[in-house]
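One structure is given here, and the rest of the page talks about it.
Residue numbers (the numbering used here): 1 to 344.
So this is what it looks like as structure tokens:
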């Protein structure tokens, strides 16, 4: 006799409907189409209310507190991250936690943004009157302009969608996409109003690739390398040894200056060694000056690392000689130093 558990498992299995690859692709395209339409419809909802919301956020002397419940809370958290990274101080406050103590994070001059599809959830209905009693400006990003939230808000940003991409019209899909896009529209408008530049962005992303491009200098990278150098009269055998031990694929040919500096005469790379071997049966009598390349590509230690990368790419080379403003030899920057930092 089949157990109840096995019967249930058997019934569940019957409900499974494996789709063909073509069906799966069609489903994906339909979701994208539905959500694209939801975004396109947002254009009709951008009016003076949106401009007023941006002005309110721009001029506030407090922070932006963004709240929501369920999937809208996840969207709120993402918008908070975008605001913070683009110069608008923001905090996330979960609507359920707010009515159990987290409302204390809201200060007098803060602006509150509440995100909700229905605008009528119990947590929202409890929270909104409390925010209003505090006297904070309230902006609603809401999918129902007749809702409690919409009626109570000072500014309403309409994110109504015709239907969710979910086949049951239940799972938040198109609606959360519309909320996210509306939040991005606010953030980008504020970026423009603040004249927020890529360099400003890098200040908040010092660990990212863009941040490193905009603040990392050559001096931050080359100093970790050894300093391969020889004189013009260094025998080729010793030159090869210098290149091998310093592991940068080159040796810089230098002479001492009367002022104590180090002038650059040339550079010897792996390519120079190959050309030497191809053109000479013996190199016992050769010195560094006999095989070096003149006028090696140089870069100031104060230059940005991304400029060094551009110079390497332009000249199809992997090393640059690093110098100070007086032209003194300081060291060698290798392409691997840039790759290691993730600047590319």
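Every residue gets a Cβ at the ideal spot worked out from N, C-alpha and C, and that includes glycine.
| Check | Outcome |
| --- | --- |
| What are the boundary residues of the alpha helix (DSSP H) that includes residue 335? | 335 to 340 |
| In its own chain, which residues sit with a C-beta less than 7 Å from the C-beta of residue 156, not counting the 5 before and 5 after it? | 49, 140, 142, 145 and 150 |
| Give, in chain order, every unbroken run of the alpha helix (DSSP H) that is at least 4 residues long and sits entirely within the segment 136 to 195. | 148 to 152 and 174 to 194 |
| Three or more C-beta pairs under 8 Å: does that hold for the segment 38 to 53 against the segment 82 to 95? | no |
| Taking 8 Å as the threshold, find out whether the segment 242 to 259 comes into contact with the segment 300 to 310 through three or more Cβ pairs. | no |
| I need the boundaries of the beta strand (DSSP E) containing residue 253, first residue and last residue. | 250 to 256 |
| Among 110, 241 and 237, which residue has its Cα nearest to the Cα of residue 65? | 110 |
| May I ask you to report which of helix, strand or coil DSSP gives residue 89? | coil |
| From what residue to what residue does the alpha helix (DSSP H) around residue 128 run? | 122 to 134 |
| Determine the contact status of residue 257 and residue 86, defining contact as a CB-CB distance below 9 Å. | no |
| Under DSSP, the alpha helix (DSSP H) around residue 285 begins and ends at which residues? | Taken as a continuous stretch (DSSP letters only), residue 285 belongs to no alpha helix (DSSP H), as it is neither H nor E. |
| Could you tell me whether the segment 275 to 293 touches the segment 328 to 339, where touching means 3 or more Cβ pairs closer than 8 Å? | no |
| Only counting the same chain, and skipping five residues up and downstream in sequence, which positions put a Cβ closer than 7 Å to that of residue 8? | Because residue 8 carries a pLDDT of 46, less than 50, the predicted location of this residue cannot be relied on, and no value is offered for it. |
| Less than 8 Å between the CB atoms is what I'm expecting for residue 332 and residue 298, so what's the real figure, rounded? | The pair is not a contact, with the Cβ atoms about 10 Å apart (cut-off 8 Å). |
| What does DSSP give as the partner residue(s) for residue 66 in the beta ladder? | 92 and 113 |
| Name the residue from 164, 197 and 271 whose alpha carbon lies nearest to the alpha carbon of residue 38. | 164 |
| Got a sec? Which residues, its chain only, sit under 6 Å from residue 79 by beta carbon, not counting five neighbours each side? | 66 and 183 |
| Measure the CB-CB distance between residue 197 and residue 175 and report whether it falls below 9 Å. | no |
| Measure the C-alpha to C-alpha separation of residue 126 and residue 28 and round it to an integer number of angstroms. | 38 Å |
| Between which two residues does the alpha helix (DSSP H) harbouring residue 24 extend? | 21 to 42 |
| For residue 74 and residue 180, what's the separation of their Cα atoms in angstroms? | 10 Å |
| Assuming residue 268 is part of the alpha helix (DSSP H), what are its boundary residues? | Note, residue 268: premise wrong, no alpha helix (DSSP H); beta strand (DSSP E) at 262 to 269. |
| Whose CA, out of 224, 57 and 161, lies closest to the CA of residue 154? | 57 |
| What residue range is occupied by the uninterrupted alpha helix (DSSP H) comprising residue 299? | Premise fails: residue 299 lies in the beta strand (DSSP E), 298 to 300, not in any alpha helix (DSSP H). |
| Excluding sequence positions up to five away, which residues of its chain have a Cβ less than 6 Å from the Cβ of residue 246? | 226 and 228 |
| Which residue comes first and which comes last in the beta strand (DSSP E) that contains residue 320? | 319 to 323 |
| On a CA-only basis, which of 302, 221, 51 and 201 is nearest residue 185? Give me that one, please. | 51 |
| Indicate the three-state DSSP secondary structure (helix, strand or coil) for residue 279 in the structure shown. | helix |
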